[in-house]
Amino acid sequence: MKQSTLLLYSILFLTGLFFVSCSNGKGDLSMGIPDAVQHQIIDKMIEKFGEEHKERIQTGVKQVAERWRSDDGTEEEFENFCLENFYHKQDELDLVFDRFQTNLEALYGNLHRINRQFMWQLHVEAGPVLPIDYMFGAYNIYAHVSDDLFRSKIAFTALLNFPIYALEEKTVKGEQWTRRQWAEARLADGFVNRVPAEVSQQRSEIYTYADDYITHYNIYMHNLLNDEGDRLFPEGLRLISHWGLRDEIKAQYANPGGLERQQMIYRVMQRIISQEIPAVMVNDNEADWNPFTNEVWKTGTQETLPAEPEPNTRYEHFWKTFEAEKLVDPYSLINPTLIDRRFNTQREILEEDVEAMLIEILTAPVIQDIAHLIENRLGRNLEPFDIWYDGFKARGQYAEEELDRIVRNRFPAVEAFEAQLPQILRRLGFSRDRADYLSARITVDPSRGAGHAWGARMRGDKAHLRTRIPEDGMDYKGFNIAMHELGHNVEQVFTLEGVDYYALSGVPNTAFTEAFAFVFQYRDLDVLGLTTDDPEADALRTLNDMWNTYEIAGVSLVDMSVWRWMYDNPGAGARQLREAVQRIATEVWNEYYAPVFGVEDVSLLAIYSHMISLGMYIPDYTIGHVIAFQIEDYLKDKDLAAEMERMCIQGRLTPQLWMQNAVGSPVSAQPMIDAASKAVRVIE
Ligand SMILES: [Zn+2]
């Protein structure tokens, strides 16, 4: 607690400093060279380099002109730059391309090494953490890279010679491209946006405040009273909204009397969404509260207090994140809204494709079947909070203590885990040769947190696996997490060392790396030489996946619709936003959940805290579930080692093309829906 506050202060302190030094003596940040000037230069260049280069010249000049600022040079200097830095001979262009590959790998690879070192004390169990460690931790090593690449004209040279392709073009033409063409497209992608450092800084400050608001939004559960004045929750239980509240709903399925506690938490969530929650109940335990009647008393007394609501803070922060994105919009030439940036540059799946996928999940007939299964298991009608039903769990075959003992004997310390990486990988199906190759490129560090996998950004550097091993040796939970991280590390090695062009290193987005991590994690008992033969385990896991995906698909749709509403109503403000969020959440509920739950007009889908502080990130969870399921499903009866390497060395294509090559069809929820239908029959 103390440490995180300190970290926040050091971030704000550093960014504050940064702001002052940047805004002093800053010139005009608007970009662009007049069309007429561009045309003159294009004509001169065609004359100099030949008519056959006309198309490349037109594209290149336009790409540079759109991002050129007055402090980059006069129109005459712009002209000279274009005439001197356009490469029309293929052999020279090849050399330029190679320079970018080599030098950007050196730049990002070494910055990454510095960053890893600066974060070392915070991430790795390596002695005391001092205030100076937080300062190094908050130092943003990448803050000026983009600015410097433009100022030095390196970025402009890339833009003058290599065209940018919009997502639609990549989707249509990409299938026919050579690997080199893909690498060139990715190179140009790196310079699409020229957002001034102070603008990104301002944006990230707004998000930091929103995140801080969310991080400190706790409910003291012992202070909640039902209509009889009873306290249903133990003293000291403090839950963060919404994760902690949601997880408590999940946990209460297994407890006697859980239903009443779930109903109470549900009421709290509704009060948070509507902002009727008394301000004194946020992050404080000085008052008692009946969330059903919204009455408040001084703690432990009959003395009533005014139930003054929280002053719309939730939606103030949300609205500010929209304003933060509006700051960036003018500098994002190809994708001028957050919606465009999220879908076209980060996810790289078209908005309409994502929306169609969400609706496919939400309207899958199997949802009704799963809902009936849940009703039978609960012995009651569904309540809205059963979107978080948590009862599809296989009973473990081995006692946790037994597993702890096996793991502890085998991995008494970090060194033992690192030394046995080759054996672990061979158990997963990797050949001796591949297991040695991978093990030589992964190093294991003792972690402060639960676990973490951090890949390298230049060849020759190693991926780091962080795992937490207590004094008396690794326990089973730790081993299970370490297997997850190892899945990430193996992907990281293949997608850096095995990919033919540096510009193509990596995976299309984080969902792809999570898929491999889950595959490894799921096979943890195999690695220990233990067998599993519960015929229902697989079916239960599939039903759990499908129900979770159904839940988050609705929340994703709400998140997307709210951002559309904000861009349609840029003058609205936080108060109208509050109304819009509740209206949209209720509409989505009535369309896709009311038919399943038999309850109408529920705003619950608006409880997600991510909406407030992460700028339309939620659809990534749904896409992640779908992609991970698709890859895992495909790998089930295949050679994991060979297939994983084949998939990974494709590098960072678009998700749809990557998936097409990997499993023979584009990203699709169909495998999950089909598997869920089979699973329903197994469990019935
Ligand atoms: Zn992970």
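Using my numbering, you'd call the opening residue of the sequence shown number 4 and step up by one each time.
We put the beta carbon where it would ideally sit given N, CA and C, even for glycine.
On a predicted model such as this, the values are computed, not experimentally measured, just so you know.
Tell me the rounded alpha-carbon separation between I373 and L361.
Start at 1 with the first residue of the sequence shown, and residue 373 comes out as number 370. Start at 1 with the first residue of the sequence shown, and residue 361 comes out as number 358. One C-alpha to the other measures close to 18 Å.
Measure the CB-CB distance between M563 and P658 and report whether it falls below 8 Å.
By one-based count along the sequence shown, residue 563 stands at place 560. By one-based count along the sequence shown, residue 658 stands at place 655. Contact flag unset, no.
Using the Cα positions of I36 and G76, report the straight-line distance between them to the nearest angstrom.
Position 33 of the sequence shown, counted from the start, is the residue given in the question as residue 36. Position 73 of the sequence shown, counted from the start, is the residue given in the question as residue 76. In a straight line, the C-alpha of I36 is about 11 Å away from that of G76.
Which same chain residues end up closer than 6 Å to H115 when comparing Cβ atoms and leaving out the 5 residues on each side of it in sequence?
Locating residue 115 in the sequence shown gives position 112, counting from the first residue. So the qualifying residues of the chain are R460.
Work out the CA separation of N143 and G28 for me, nearest whole Å.
As a working note, residue 28 is residue 25 in the sequence shown. As a working note, residue 143 is residue 140 in the sequence shown. With a pLDDT of 38 at G28, under the threshold of 50, the modelled position of this residue cannot be trusted, and the question is left open.
Please report the straight-line C-alpha distance between T446 and P425, rounded to a whole angstrom.
Translated into the one-based positions of the sequence shown, residue 446 becomes position 443. Translated into the one-based positions of the sequence shown, residue 425 becomes position 422. Straight-line Cα distance between these residues: approximately 12 Å.
From the DSSP output, read off the bridge partner residues of R72.
Position 69 of the sequence shown, counted from the start, is the residue given in the question as residue 72. Answer is M34.
Mapping DSSP to helix, strand and coil, what is Y90?
Residue 90 sits at position 87 when you count from the first residue of the sequence shown. Three-state result, Y90: coil.
Locate the beta strand (DSSP E) running through N293, then write down its first and last residues.
Looking up residue 293 in the sequence shown gives position 290. Looking at the DSSP string, the run of the beta strand (DSSP E) that includes N293 is 290-293.
Separation of D214 from C25, as counted between CA atoms:
Translated into positions along the sequence shown, residue 25 becomes position 22. Translated into positions along the sequence shown, residue 214 becomes position 211. Caution applies to C25, whose pLDDT of 37 falls short of 50 and renders its modelled position unreliable; the model cannot decide the point.
Mind checking whether the beta-carbon of I517 lies closer than 7 Å to any heavy atom of ligand 1?
In the sequence shown, the residue the question calls residue 517 occupies position 514. Ile is not the amino acid found at residue 517; the sequence shown has Glu there. Under cutoff, so the answer is yes.
Excluding five sequence neighbours on each side, which residues of the same chain lie with their C-beta closer than 6 Å to the C-beta of E500?
Taking the sequence shown and counting its residues from 1, the one referred to as residue 500 is at position 497. Closer than 6 Å at the Cβ level, and outside the excluded window around E500, lie R462.
Regarding H467 and ligand 1, is the C-beta to nearest heavy atom distance less than 7 Å?
Here residue 467 refers to the residue found at position 464 of the sequence shown. Not under cutoff, so the answer is no.
Per-residue DSSP class, three states only, for S450
One-based indexing of the sequence shown puts residue 450 at position 447. DSSP places S450 in strand when its eight states are reduced to three.
Between the CA atoms of A422 and Q400 - distance to the nearest angstrom:
Counting from one through the sequence shown, the residue named residue 400 turns up at place 397. Counting from one through the sequence shown, the residue named residue 422 turns up at place 419. Taking the straight line joining both Cα atoms gives about 28 Å.
Using the three-state DSSP reduction, which class does W180 fall into: helix, strand or coil?
Sequence index remark: in the sequence shown, residue 180 carries index 177 (1-based). In the structure shown, W180 sits in coil (DSSP, three-state: anything other than H, G, I, E or B).
Would you list the residues sitting across from W457 in a DSSP beta bridge?
Counting from one through the sequence shown, the residue named residue 457 turns up at place 454. Per DSSP, H467.
Tell me whether Q41 is buried or exposed, calling it buried when 16 or more other Cβ atoms sit within 10 Å of its Cβ.
Start at 1 with the first residue of the sequence shown, and residue 41 comes out as number 38. Answer is buried; the Cβ neighbour count reaches 16.
Spatial distance of R59 from I342 (CA atoms):
Taking the sequence shown and counting its residues from 1, the one referred to as residue 59 is at position 56. Taking the sequence shown and counting its residues from 1, the one referred to as residue 342 is at position 339. Near 29 Å, if we compare the C-alpha coordinates of I342 and R59.
In terms of residue numbering, what span does the alpha helix (DSSP H) encompassing W568 cover?
Counted from its first residue, the sequence shown places residue 568 at position 565. Taken as a continuous stretch (DSSP letters only), the alpha helix (DSSP H) holding W568 covers 540-571.
Do you know offhand how far K681's Cα is from A542's?
What you label residue 681 is simply residue 678 of the sequence shown in a count that begins at 1. What you label residue 542 is simply residue 539 of the sequence shown in a count that begins at 1. Their backbone Cα atoms lie some 8 Å apart in a straight line.
On the three-state DSSP scale, how would you describe I222?
By one-based count along the sequence shown, residue 222 stands at place 219. Note: I222 maps to strand in three-state DSSP.
Going by the C-beta, is H628 closer than 7 Å to any heavy atom of ligand 1?
Stepping through the sequence shown from its first residue, residue 628 is reached at position 625. Result no, Cβ not under 7 Å from ligand 1.
Alpha carbon to alpha carbon, what distance is there between K396 and D548?
Position 545 of the sequence shown holds residue 548. Position 393 of the sequence shown holds residue 396. Cα to Cα, D548 sits roughly 11 Å from K396.
How far does the alpha helix (DSSP H) with K480 in it extend, from its first residue to its last?
Here residue 480 corresponds to residue number 477 of the sequence shown, with the count starting at 1. 479-500 is the span of the alpha helix (DSSP H), which, as asked, contains K480.
Checking 8 Å against the spacing of the C-beta atoms, do K591 and G618 come in under that value?
Your numbering for residue 591 matches position 588 in the sequence shown. Your numbering for residue 618 matches position 615 in the sequence shown. Inspection of the sequence shows that residue 591 is occupied by Val rather than by Lys. No, Cβ-Cβ distance for V591 and G618 is not below 8 Å.
By how many angstroms is the C-alpha of E108 removed from the C-alpha of M34?
Here residue 34 corresponds to residue number 31 of the sequence shown, with the count starting at 1. Here residue 108 corresponds to residue number 105 of the sequence shown, with the count starting at 1. Cα to Cα, M34 sits roughly 28 Å from E108.
Is H487 near ligand 1, in the sense that its beta carbon is under 7 Å from a heavy atom of that ligand?
In the sequence shown, counting from the first residue as 1, residue 487 sits at position 484. Yes, ligand 1 has a heavy atom inside 7 Å of this Cβ.
Using the beta-carbon count (16 or more within 10 Å), is R206 buried or exposed?
Sequence index remark: in the sequence shown, residue 206 carries index 203 (1-based). That one is buried.
Three Cβ pairs or more, each shorter than 8 Å: is that satisfied between the stretch 654-670 and the stretch 170-184?
yes
Boundaries of the alpha helix (DSSP H) in which K639 is found, first to last residue
Here the question's residue 639 lines up with position 636 in the sequence shown. From DSSP, K639 is part of no alpha helix (DSSP H); its letter is neither H nor E.
At least 3 beta-carbon pairs within less than 8 Å: the stretch 145-159 vs the stretch 316-323:
no
Just to confirm the assignment, what range does the beta strand (DSSP E) spanning W391 have?
Position 388 of the sequence shown, counting from 1, holds the residue named residue 391. First-last for W391: undefined, no H or E at that position.
Just the Cα atoms here: how many angstroms apart are H245 and Q255?
Sequence index remark: in the sequence shown, residue 245 carries index 242 (1-based). Sequence index remark: in the sequence shown, residue 255 carries index 252 (1-based). Answer to the nearest angstrom: the Cα atoms are 16 Å apart.
Considering only C-alpha positions, which residue in the set Y210, N593, E311 is nearest to E326?
Start at 1 with the first residue of the sequence shown, and residue 326 comes out as number 323. Of Y210, N593, E311, the residue nearest in Cα terms is Y210.
So, C651 versus T498, is the Cβ gap smaller than 8 Å?
For the purposes of this step, residue 651 is identified with residue 648 of the sequence shown, where counting begins at 1. For the purposes of this step, residue 498 is identified with residue 495 of the sequence shown, where counting begins at 1. It is a contact, given that the beta carbons lie within the stated cut-off.
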